[in-house]
Amino acid sequence: MDETTASKATRVLGAVSLVGLALLVLFGLVISGPDNASVGVDANGAPTGQGEVVRIMYVHVPTAIIAFLAFFVTVAGSIGYLVRRSEWWDLVAHASAELGAVLLFATLVTGALWGEPTWGTYWEWQDARLTTTAVLFFLVLGYLAVRRLPLERDRRSRLAAVVGLLLGPATIVCHYATTWWRTLHQGPTISRLDPQIEGTMLFSLMLGMAVFLALYAWLLLHRFRVLWLENRVEDLGLDVALAERRAEAATPPAGPTPTGVSS
Amino acid sequence: MWRDALLVAGKDLRIEGRTRVALNQVAPFAVLVLLLFAFALDSDRVVLRDATPGLFWVAVLLAALLAVQRAFALEAVDGVPDALRLSGLHPAGIFLGKVLAVSVQLLALEALLGLGVVVLYDAALDAPLLLVAASVGATLGLAAVGCLYGILAAGQRVAQTLLPLLLLPALAPLLLAATQAWNAGVDGVPSEGLRWLGLLVLFAAAYLTAGVATFGILLDDA
């Protein structure tokens, strides 16, 4: 068994991800400018709107989109498992859901940090995207709770696959929340024919997407391999226990016999 | 399948008729929740009347958790899961039967809670047709989600904590739609509640379909 979950390809992917992350910090915080276009002035003359706060978008939007992608991979893995009953699909679904949960949590936190200076509140109940994202996050926590049930592996995987399927509709509702319900959250900005931002801002956002996609792929590969190895260790433990029991059965026990004479 | 559903529903309702757990424990609990809301909101009649739809549906949701847990606790003992599997009943029939039995109990509970909000919160239920239609739609959805996750959690050592974690986020859209439909009904503007009623019907249909499609897999693992 390998002592590491890395391979040449994942090392390259990891290096690319980390370099990309450094570039994202550079572009997001230094090279791209503040969002002067949407800065307004309130009744007291103080600036409102995005300004410097726009930089949160370069993390917030990519983590949200990659989290949605992660949940679709979980749905695909769940369908794959239910059809093929293969461990491979099961582990893909599991690993992707874990990463999706982390990314979605980052989305909620960065969204709250952006909301306070922009909307004047960390949390806005009237916003459909916010509330559906929170619901999706708790659905994923439920899925991960099912994955931790103390059951036989096959049974746990089947139950998790059924719960995993239900993440699909929830993710779709969350994604289209801004289109279906015209609430506070802005509608599509870049997923349209005439993107609403341009220049270094658009580039930084696209870079963020690419970096978080690479990070997701890198971590997914490693998490998948760790889960695979965990299963192998579990199997190995079972084999060792079986061999020990067989050895016990083959050798007569030392100590007193039923007749009282030591063997 | 439908014959099996009626058999299972009949069995569950007969058990309830004999043990009266829903009547003696779940119903008093639900009314108690209504009283606690009144204490928490400083017994302010205006606030209570305005918040009636939300408070009503949260009370129903909490009571439904108990009802679903009870419906599957029945099956988790004495080898009943194996008996159900070996009985030759259609898994989809078992699912629909369970949904039917839970729905009947919840509808009775909602009638009681409806009376409760009129008496305790001074709520005016001005559009009874919409309120009844929304309640039936929401109850079917609630029972379908409950039974889908109920069988999943049944028999697990962590069932009591796992079920709310799975169930409540899944029921969030239903709570929203049911509350909005009731808001329209209580305000006496039924036309505004119709799209929410549509959403409730869509929600119930989606989860009933999901349950019919996957209950066999879940039953095998119960």
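If you read the sequences in order, they're chains A and B.
Per full-length UniProt numbering, residue 1 is the first one in the first sequence, and the count goes up by one each step.
Per full-length UniProt numbering, residue 1 is the first one in the second sequence, and the count goes up by one each step.
Using N, Cα and C, we set each Cβ at its ideal position, and we do this for glycine too.
8 Å is my cut-off, CB to CB: does residue i come that close to chain A?
{"i": "B/T214", "result": "yes"}
{"i": "B/I94", "result": "no"}
{"i": "B/L152", "result": "yes"}
{"i": "B/L175", "result": "no"}
{"i": "B/I15", "result": "no"}
{"i": "B/P169", "result": "yes"}
{"i": "B/Q156", "result": "yes"}
{"i": "B/A172", "result": "yes"}
{"i": "B/L166", "result": "yes"}
{"i": "B/A206", "result": "yes"}
{"i": "B/L162", "result": "yes"}
{"i": "B/A210", "result": "yes"}
{"i": "residue 232 of chain B", "result": "Coverage of chain B is limited to positions 1 through 222, which leaves residue 232 of chain B absent and any answer about it impossible."}
Measuring alpha carbon to alpha carbon, tell me which of the options ends up nearest residue i.
{"i": "A/D90", "options": "A/F105, A/V102, A/T74, A/L99", "result": "A/T74"}
{"i": "B/Y207", "options": "A/R246, A/L165, A/W228, A/T107", "result": "A/L165"}
{"i": "B/A5", "options": "B/V46, B/L84, B/A64, B/V33", "result": "B/L84"}
{"i": "A/A95", "options": "A/T200, A/R225, A/R245", "result": "A/R225"}
{"i": "A/L151", "options": "B/R157, B/I151, B/C147, B/L148", "result": "B/R157"}
{"i": "A/M57", "options": "A/L236, A/A250, A/G208, A/A217", "result": "A/G208"}
{"i": "A/V102", "options": "A/W228, A/L236, A/L220, A/D235", "result": "A/L220"}
{"i": "A/S204", "options": "A/K8, A/G28, A/V19, A/G14", "result": "A/G28"}
{"i": "B/V186", "options": "B/L218, B/G216, B/F56", "result": "B/F56"}
{"i": "A/E98", "options": "A/R147, A/T132, A/E116, A/R84", "result": "A/R147"}
{"i": "A/G115", "options": "A/E52, A/V83, A/V135", "result": "A/E52"}
Does the beta carbon of residue i come closer than 8 Å to any beta carbon on chain B?
{"i": "A/G111", "result": "no"}
{"i": "A/H246", "result": "Here residue 246 of chain A turns out to be Arg, not His, going by the sequence shown. No - not a single Cβ of chain B is within 8 Å of the one on A/R246."}
{"i": "A/L104", "result": "no"}
{"i": "A/L130", "result": "no"}
{"i": "A/R158", "result": "yes"}
{"i": "A/A67", "result": "no"}
{"i": "A/L149", "result": "yes"}
{"i": "A/P34", "result": "no"}
{"i": "A/V162", "result": "yes"}
{"i": "A/L167", "result": "no"}
{"i": "A/G142", "result": "yes"}
{"i": "A/F138", "result": "yes"}
{"i": "A/V135", "result": "yes"}
{"i": "A/A145", "result": "yes"}
Can you tell me whether residue i is buried or exposed, with buried defined as 16 or more other CB within 10 angstroms of its CB?
{"i": "B/K98", "result": "buried"}
{"i": "A/Q126", "result": "exposed"}
{"i": "A/A22", "result": "exposed"}
{"i": "B/D220", "result": "exposed"}
{"i": "B/T209", "result": "exposed"}
{"i": "A/G120", "result": "exposed"}
{"i": "B/D12", "result": "buried"}
{"i": "A/L229", "result": "exposed"}
Is the beta carbon of residue j closer than 8 Å to that of residue i?
{"i": "B/L166", "j": "B/L61", "result": "no"}
{"i": "A/A145", "j": "A/G100", "result": "no"}
{"i": "A/F72", "j": "A/L104", "result": "no"}
{"i": "B/W182", "j": "B/P53", "result": "yes"}
{"i": "B/G141", "j": "B/F95", "result": "no"}
{"i": "B/L89", "j": "B/V212", "result": "no"}
{"i": "B/A153", "j": "B/L168", "result": "no"}
{"i": "B/A63", "j": "B/A30", "result": "yes"}
{"i": "A/S32", "j": "A/M201", "result": "yes"}
{"i": "A/G14", "j": "A/W218", "result": "yes"}
At a threshold of 7 Å, does residue i count as lining the ligand GDP (C-beta to nearest heavy atom)?
{"i": "A/A128", "result": "Judged by which ligands are present, the structure shown has none, so any question about the ligand GDP falls away."}
inquiry  = Quick test of the definition: if touching needs 3 or more C-beta pairs under 8 Å, does the segment 125 to 134 of chain B touch the segment 32 to 51 of chain B?
reply    = no
request  = Evaluate the contact criterion for the segment 111 to 128 of chain A versus the segment 155 to 169 of chain A: three or more CB pairs, one atom per stretch, below 8 Å.
outcome  = no
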